[in-house]
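Q: The structure is given below, and queries will be raised subsequently.
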Amino acid sequence: MIRFDQVSKSYGRNRQVIDDLTLAIAEGEICMLVGPSGCGKTTSMKMINRLVEPDSGTVLVDGRPVNSVDPIKLRLNIGYVIQEIGLFPHMSVADNIATVPVELGWPKPRVRARVDDLLALVDLEPGLYRTKRPRELSGGQRQRVGIARALAGDPRIMLMDEPFGALDPLTRAKMQDEFLAIQEKIRKTIVFVTHDTDEALKMGDHIAVMRAGRLLQYGTPTEILRHPADTFVADLIGSRKGLKLLRLLDCGSLMRQGAAAADLPVLPARATAEQALSEMLRCGCRSVAVADASGVTLGRLDLDDLIDRVARDD
Amino acid sequence: MTDRRLSAGLKVGAYLAAAVALTLYVVEWPQDSLVARLVTFPHVLALTGQHLAIVALSSVLAILTAVPLGLMLTRDWARQWTPRVVGFVNVCQTVPSLAVVALAVGLLGIGATTAIVALWLYALLPILNNTLTGLDGVDAATLQAARGMGMRPGRVLRRIEVPLALPLIVAGVRTAVTVNIGSAILAAFVGGGGLGDLIIAGNNISRVQVVVLGAGLPMLMALIVDALFDVAAEETAG
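For the protein sequence lines, the chains are E and Z, in the order given.
Under the numbering used here, think of the first position of the first sequence as 1026, with each following residue one higher.
Under the numbering used here, think of the first position of the second sequence as 12, with each following residue one higher.
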């Protein structure tokens, strides 16, 4: 668990970058820090691995103040991914990923095995990519390597500073989905900085909205969407809140179990309610069938249920 | 890469052959008996050896001082001194090489040591400048990632900064060494020996053949070293 306890930081007399930040991030969750540039989200994140030291207050990891831990040891146990990725251009993909294991002094066979596991995890064929140089990769592939590199030492915490910010929209959406799938497996505590509210709503278990160094609201995506703390948060979320809420729900949890008419369009249980609505609009029907991965019908999702669920506040 | 090596090898071979041919021509077909007595194979070989030794020693000294100085001046704690040091070395570079040699004589007397010291000072700037440029050119994001992942400053320097700056550092050494091969002719003026001896002697006895030999050999030597650096540049480019 990560905890910020009344943390403040200013550069010079007039620039207060973090103002009395108190925040608790639970184990195994993705916490999104979101807000406009200069709101202090990156600075807050860098306090966790001591790239920035607070003026006052404490940052705790697993109950221990980080300033009582040697920064090098601390960082070796915290994965770090940045927007610019920062792959080492003179090293192969494998050597890049091996950075932390090598610093930790792992024996070579173990490092090699770990590199191959991670390449497979981020969906890069080890035999094909191990020896490539970063410049031979596409933007998306580079960030995959960046993520694999951050995971190499099997840290419990990952810090991700706008990791998908430089990718084109299509690649970005794909990377978000893949990363969520990876997180299903690895269950790390992740602090994820973004200025993209949609990304925050999609990826976060919890979202911390920041502005001018202050925490405005901390809550789940649904809470933030339903009850924005003030007009700033409401503006940040933007319009079409109903559709955004639909995006947070999946068909599997909304459907009525049982049989469904054979002529209904079929969606996987993992599909979002937004996709279900879109399908209904497209085919002009008021229901869709929901099936599992092997195509077996699980149940039916009706338009009325969808509307009820979104309109109902719980 | 092998293409590059092959062409460098061919170049080195050609320049060596040219140097041998030039010497052979003067030794076998001297202008007159005066030249015949002055220019012998062993003598030219000895002067070439002296010349190479002066260049090598001064260059190695310059590398051993300028590179660490550059590494130091790019650390946060020494940044404040960087402009002053670079300014000073820059000003030193504007002093004509002959004057540097002459000043060194004033301090150290005559001999090869004086020449080596003067050439060492002269070679500092290109190496220092390129070391600084190379290290400053390392991408900030790369450094941030390295530090953020828990590399110690010394490890960042060794595993990231130096390898990435190496092509530029090598380019600086290349400039310094090739320039020094030419400047080492001045060693002869302070009794330091080297191929400059041939130029001075040839000039004293008004024998153009000897002067051409004394000028041609350092030129070919510089070309050979330059070709060798082609390979080194390829190796460090990663």
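Note that CB positions come from ideal geometry on N, CA and C, so glycine has one too.
Whole angstroms is fine: what's the gap from residue 63/Z's alpha carbon to residue 94/Z's?
A: 33 Å
Q: Do you know whose CA, among 198/Z, 119/Z, 184/Z, 39/Z, lies nearest residue 241/Z's CA?
A: 184/Z
Q: Bridge partners for residue 62/Z per DSSP, in chain order?
A: None, per the DSSP bridge assignment.
Q: Mind checking who residue 1035/E pairs with in its DSSP beta bridge?
A: 1041/E, per the DSSP bridge assignment.
Q: What's the C-alpha gap between residue 233/Z and residue 1143/E?
A: 50 Å
Q: Please list, in chain order, the chain Z residues whose beta carbon lies closer than 9 Å to that of residue 1220/E.
A: Here the premise fails: no neighbours, minimum Cβ distance about 18 Å.
Q: When the cut-off is 9 Å and only beta carbons count, does residue 1243/E lie next to chain Z?
A: no
Q: Tell me the rounded alpha-carbon separation between residue 218/Z and residue 46/Z.
A: 7 Å
Q: Give every residue of the same chain whose Cβ lies closer than 6 Å to the Cβ of residue 146/Z, excluding the five residues on either side of it in the sequence, and list them in chain order.
A: 85, 172, 176
Q: Answer yes or no: does any C-beta atom of chain E fall closer than 9 Å to that of residue 204/Z?
A: No, residue 204/Z does not count as interfacial toward chain E.
Q: How long is the line joining the alpha carbons of residue 1101/E and residue 1297/E, rounded to whole angstroms?
A: 37 Å
Q: Skipping 5 residues on each side, what residues in its chain have a beta carbon closer than 6 Å to that of residue 1052/E?
A: 1026, 1214
Q: If you reduce the DSSP assignment to three classes, tell me which class residue 1233/E lands in.
A: strand
Q: Contact check, residue 1072/E vs residue 1079/E under 8 Å by CB: the rounded distance?
A: 6 Å
Q: My parser needs the beta strand (DSSP E) runs of 3 or more residues fully inside the segment 1177–1217 of chain E; what are they?
A: As far as the segment 1177–1217 of chain E is concerned, its whole beta strand (DSSP E) runs of at least 3 residues are 1182–1186.
Q: So residue 189/Z contacts chain E; which residues on that side make the cut at Cβ distance below 9 Å?
A: The contacting residues do not exist; residue 189/Z stays about 26 Å from chain E at best.
Q: At which residues does the alpha helix (DSSP H) containing residue 103/Z begin and terminate?
A: 93–105
Q: May I ask you to report which of helix, strand or coil DSSP gives residue 1305/E?
A: In the three-state scheme derived from DSSP, where H, G and I count as helix and E and B as strand, residue 1305/E is classed as helix.
Q: Relative to the C-alpha of residue 1274/E, which candidate in 1155/E, 1301/E, 1324/E, 1263/E has its C-alpha closest?
A: The candidate whose alpha carbon is nearest that of residue 1274/E is 1301/E.
Q: Buried or exposed: where does residue 131/Z fall if 16 or more other Cβ atoms within 10 Å of its Cβ makes it buried?
A: buried
Q: Of the residues that make up the segment 135–163 of chain Z, which ones have a beta carbon closer than 9 Å to any beta carbon in chain E?
A: Under the 9 Å Cβ criterion, the segment 135–163 of chain Z contributes 150, 151, 152, 153, 154, 155, 156, 157, 158, 159, 160, 161, 162, 163.
Q: From this set, 244/Z, 206/Z, 190/Z, 225/Z, which residue's C-alpha is nearest residue 69/Z's C-alpha?
A: 190/Z
Q: Is residue 1124/E close to chain Z, meaning its C-beta is less than 9 Å from at least one C-beta of that chain?
A: yes
Q: Which of the three DSSP states is assigned to residue 1241/E in this structure?
A: strand
Q: With distances taken from CA atoms, which of 136/Z, 34/Z, 40/Z, 43/Z is nearest residue 53/Z?
A: Checking every option, the nearest Cα to that of residue 53/Z belongs to 34/Z.
Q: Per DSSP, which one or two residues make a beta bridge with residue 1316/E?
A: 1293/E, 1322/E
Q: Please go through the same chain and pick out, in chain order, the residues whose beta-carbon is closer than 7 Å to the beta-carbon of residue 92/Z, but skip the five residues on each side of it.
A: 84.
Q: Using a Cβ-Cβ cut-off of 9 Å, state whether residue 1204/E counts as contacting chain Z.
A: Output row for residue 1204/E: interface = no.
Q: Does the segment 1099–1116 of chain E come into contact with the segment 148–163 of chain Z, if we say contact requires no fewer than three beta-carbon pairs (one atom in each stretch) closer than 8 Å?
A: In this structure the segment 1099–1116 of chain E touches the segment 148–163 of chain Z; the number of beta carbon pairs closer than 8 Å is three or more.
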